[in-house]
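Asker:
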Amino acid sequence: MKTMKKMVFCFSVLGLALSWAMCAEPVESAPKKEEKKTVNTNEVAVIETTEGTMVVELWPDVAPKTVENFKTLANKKFYDGTCFHRIIKGFMIQGGDPLTKDQSQEARWGTGGPGYTIKAEFNDRSHQRGVISMARSRDPDSAGSQFFIVHGNASFLDRQYTAFGKLIKGDDVLDKIANTPCIKPEGSFDPSPSKPVKRIEVKSIRITTADKVQ
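Mapping of the sequence shown onto our numbering: residues 160 to 373, in sequence order.
1) Taking the alpha carbon of W218 as the point to measure from, which residue in I252, F281, S263 has its own alpha carbon closest?
2) Would you mind working out which of T231, P350, T209, Q305 sits nearest K357, comparing C-alpha positions?
3) Using CA coordinates, which residue listed in N201, K354, K224 is at the minimum distance from V346?
4) Are there three or more Cβ pairs, one per stretch, closer than 8 Å when the segment 267-284 is compared with the segment 329-343?
5) I336 lies in the alpha helix (DSSP H); which residues open and close that run?
6) In the DSSP assignment, the alpha helix (DSSP H) including E384 goes from what residue to what residue?
7) Could you pull the DSSP bridge partners for R245 from this structure?
8) How would you label F348, buried or exposed, when you count the other beta carbons within 10 angstroms and need 16 or more for buried?
9) Do three or more CB pairs link the segment 279-298 to the segment 313-325 at distances below 8 Å?
10) With the cut-off set at 8 Å, would you say A204 and A222 are in Cβ contact?
11) Which residues does DSSP pair with V290 in a beta bridge?
12) Quick check on D370: buried or exposed, where buried means 16 or more other Cβ atoms within 10 Å of its Cβ?
13) With distance defined between alpha-carbon atoms, name the residue in S304, S351, P344 nearest to K236.
14) Throw me the rounded Cβ distance for the I366 and K230 pair, which I believe falls under 8 Å.
15) Looking at C-alpha atoms only, which residue of H244, K362, G272 is the closest neighbour of P344?
16) For G272, count neighbouring C-beta atoms within 10 Å of its own C-beta (all shown protein chains included) and say buried if the count is 16 or more, exposed if not.
17) Leaving out the 5 sequence neighbours to the left and right, which residues in its chain are closer than 8 Å to V372 when beta-carbon positions are compared?
18) Between the alpha carbons of D256 and D317, how many angstroms are there, rounded?
19) Within 10 angstroms of its Cβ, does E265 collect 16 or more other Cβ (buried), or is it exposed?
20) Kindly indicate the opening and closing residues of the beta strand (DSSP E) around S285.
21) Would the C-beta of T339 count as close to the ligand ATP, meaning under 7 Å from any of its heavy atoms?
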């Protein structure tokens with residue numbers, strides 16, 4: 160009987176020892192999965208102005224020909240030295256007219272272009288704040304180089320003007336430009352003053368990808 164008790168005691172001690180050893184053994188943690196960083200390689204236009212820099216993400220999926228035309232002009236430095244000649248706070252800021260490079264042509268500002276026009280690509284993107292769209296005359300297919308960036312909600316322009324991108328950086332610059340004091344130019348049909356009292360110039364427009372913009 161005593162022998163049996165000794166054996167039971169020994170097995171109990173051994174069991175405790177094994178349990179302790181198993182608990183004491185370090186547990187290897189599963190290797191952590193590396194999180195894949197999503198890289199935005201969509202094309203953007205970096206618009207450098209005298210008031211700061213704005214970055215617009217382009218929409219070739221809804222306006223391919225318009226985007227291609229804008230990129231071509233930007234790469235040719237067509238926009239360098241132009242200015243935002245029409246500003247209506249709460250509505251939009253407009254630029255892209257090559258005539259604005261020449262102060263002596265001020266009476267004709269808003270009528271210039273690249274010497275050709277492109278077909279409209281009206282789409283379902285709404286003209287909300289920050290959207291960039293092509294300016295035109297009454298003819299839907301009369302856009303060329305002039306563009307505007309929406310400052311407030313302008314959904315009444317939807318499907319009547321070609322929206323082709325949206326601001327992703329430089330919202331404060333948009334505000335700064337839109338808040339520029341303006342006067343009403345002679346002969347203007349704008350209900351509000353739209354001629355800025357100071358020159359706000361486009362220094363350059365550079366095409367790159369979103370991941371390369373700091």
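By construction, the Cβ of each residue, glycine as well, lies at the ideal position given by its N, Cα and C atoms. Nothing here was measured: the structure is a model prediction, and the numbers come from that model.
Answerer: Concretely, from the data shown:
1) Sequence index remark: in the sequence shown, residue 218 carries index 59 (1-based). Considering only alpha carbons, the answer is F281.
2) In the sequence shown, residue 357 corresponds to position 198, counting from 1. Nearest C-alpha to K357: T209.
3) Walking along the sequence shown from the start, residue 346 turns up at place 187. The amino acid at residue 346 is misidentified as Val; the sequence shows Gly. Of the listed residues, the one whose Cα sits closest to G346 is K354.
4) no
5) Numbered from 1 along the sequence shown, position 177 holds the residue referred to as residue 336. Its alpha helix (DSSP H) spans residues 330-337.
6) Within the shown structure, residues of the chain are numbered from 160 to 373, placing residue 384 beyond reach of any answer.
7) Within the sequence shown, residue 245 is the residue found at index 86, counting from 1. R245 is bridged to Q253.
8) Here residue 348 refers to the residue found at position 189 when the sequence shown is read from its first residue. A residue is called buried when at least 16 other Cβ atoms come within 10 angstroms of its Cβ; F348 does not meet this threshold and is exposed.
9) yes
10) Numbered from 1 along the sequence shown, position 45 holds the residue referred to as residue 204. Numbered from 1 along the sequence shown, position 63 holds the residue referred to as residue 222. No; because the gap between Cβ atoms is not below 8 Å, this pair is not in contact.
11) Counting from 1 along the sequence shown, the entry for residue 290 is found at position 131. K325.
12) As a first step, residue 370 must be located in the sequence shown, where it is residue number 211. With fewer than 16 Cβ atoms within 10 Å of its Cβ, D370 is classed as exposed.
13) Counted from its first residue, the sequence shown places residue 236 at position 77. With distances taken between Cα atoms, K236 lies closest to S304.
14) Position 207 of the sequence shown, counted from the start, is the residue given in the question as residue 366. Position 71 of the sequence shown, counted from the start, is the residue given in the question as residue 230. Yes, I366 and K230 are in contact; Cβ-Cβ is about 5 Å, under 8 Å.
15) For the purposes of this step, residue 344 is identified with residue 185 of the sequence shown, where counting begins at 1. Closest option to P344, Cα to Cα, is H244.
16) Residue 272 sits at position 113 when you count from the first residue of the sequence shown. Classification of G272: buried, given that the 10 Å Cβ count is 16 or more.
17) On the sequence shown, position 213 is the one that residue 372 refers to. Taken in chain order, the residues that qualify are V203, V205, V214, K328.
18) In the sequence shown, the residue the question calls residue 256 occupies position 97. In the sequence shown, the residue the question calls residue 317 occupies position 158. D256 and D317 have their C-alpha atoms roughly 23 Å apart.
19) The count along the sequence shown starts at 1 and reaches residue 265 at position 106. Under this definition E265 is an exposed residue.
20) In the sequence shown, residue 285 corresponds to position 126, counting from 1. Segment: none, S285 is in no beta strand (DSSP E) and carries neither H nor E.
21) Looking at this structure, you won't find the ligand ATP or any other ligand, since it has none at all.
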